[in-house]
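Going by the working numbering, 435 is the number at position 113 of the sequence shown; the sequence numbering is gapless.
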Amino acid sequence: MNETDCKISPYHEWGEEDFDWKALDEAAKYLEDKCRKWGRVGIWTKEKYGTLRVSTTSAFALEYDFLHSMVYPGYARIVWPKWFRCYVDWPIGKALRFLGVIRLVNKYQTWILKHFWLKAANKWPHIKEEIMDEYDSYFDPNYWS
């Protein structure tokens, strides 16, 4: 492995005066808001060492709470009563998975996440490297192999 194989992340430490921390927060908020609004993606973002970190849940992972995740994307707490989840949400989620609808929704949500992640990087070009730091690990299936 040579030096060109290693990706050096653009890490920053708190207290750095020359980094635009506010822009990174705005980019994270932008990505969360757009993905929840247009893709119903359960998404959480944070800053770590001056780079954007993203965690998501998608419809494919939420077969048992599919309707709930579409109505309340990103909620850690289930709002609906247990009887509704057991007798309405779970059976509908299983049927939609059987019909392939959940796979289509997941593809759409992935497209939405990619689209707005790239859009955020273009909207804040002076911190593009910090915004895109984790992008490859999300969408390249061979990234960790």
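Glycine included, every Cβ here is placed at the ideal spot set by N, Cα and C.
Here A349 is near A442, since their CB atoms are less than 7 Å apart. Contact between G415 and F388 holds: their C-beta atoms lie close to 4 Å from each other, under 8 Å. Between the C-alpha atoms of Y333 and T379 there is a straight-line separation of about 26 Å. Contact check for W360 against I434 passes: the beta carbons are separated by less than 7 Å. In this model, P463 and T432 are separated by some 13 Å (Cα to Cα). Here the alpha carbon of K404 sits roughly 31 Å from the alpha carbon of K368. In the structure shown, the three-state DSSP call for R399 is coil. Contact annotation, R375 with E456: C-beta distance approximately 6 Å; criterion of less than 8 Å satisfied.
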